[in-house]
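Student: The sequence shown lines up with residues 1 to 98 when you count with this note's numbering.
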Amino acid sequence: MAAPLFAVAAMLAPAMAHADPQDDFVSRNGKAVCAALDKVQTGGDIFRLSLTIAHAGGFSLKDAASVIARSAIADCPWEEPKLRHAGNSAGGAATAPA
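Set out below in structure tokens:
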């Protein structure tokens, strides 16, 4: 009797996720990142958002910029031109990954 219950429990158990920390952050916070992107006006605002994400997620600034780009790709693609423009004016720091 215990063996069938164990088999069912094993099938229903959530699979272990092996996402990288950036993907995990995007899946949990992508919509909030997009809400913040809706409010940014300048490249400086995007830099400050990068600092906030770096602090919240324990990321480097480069990884935080990647989180912003991945969030835009996943949850608010209409924000990508804003990121491209900021990245071009900052030498490519906030561009979306290829």
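The beta-carbon is built from N, C-alpha and C at its ideal position, and this holds for glycine as well.
Every value quoted in this text rests on a predicted model; they were computed, and no experiment measured them.
Taking one C-beta from the region 52-72 and one from the region 19-32 each time, how about it: are there three or more such pairs within less than 8 angstroms?
Tutor: yes
Student: Look at the Cβ atom of residue 46, then the Cβ atom of residue 73, and state whether they are nearer than 8 angstroms.
Tutor: On the sequence shown, position 46 is the one that residue 46 refers to. On the sequence shown, position 73 is the one that residue 73 refers to. Result no, Cβ atoms of residue 46 and residue 73 do not sit closer than 8 angstroms.
Student: Could you check which residue in 89, 88, 50 has the C-alpha nearest to that of residue 71?
Tutor: As a position in the sequence shown, residue 71 is number 71, starting the count at 1. When only C-alpha atoms are compared, the closest one is 50.
Student: I believe residue 82 touches residue 40 by the beta-carbon criterion, under 8 angstroms. Please report the beta-carbon distance rounded to the nearest angstrom.
Tutor: As a working mapping, residue 82 is identified with position 82 in the sequence shown. As a working mapping, residue 40 is identified with position 40 in the sequence shown. 7 angstroms between Cβ atoms; contact.
Student: Residue 79 lies in the alpha helix (DSSP H); which residues open and close that run?
Tutor: Here the question's residue 79 lines up with position 79 in the sequence shown. Taken as a continuous stretch (DSSP letters only), residue 79 belongs to no alpha helix (DSSP H), as it is neither H nor E.
Student: Ignore the nearest five residues each way along the sequence and tell me which others in residue 98's own chain have a CB closer than 6 angstroms to its CB.
Tutor: As a position in the sequence shown, residue 98 is number 98, starting the count at 1. Summary for residue 98: the model assigns pLDDT 44, below 50, so the residue's position carries little reliability; its value from the coordinates is reported in the next sentence. Scanning its chain for C-beta atoms nearer than 6 angstroms, with the 5 sequence neighbours on each side dropped, one finds no residue around residue 98.
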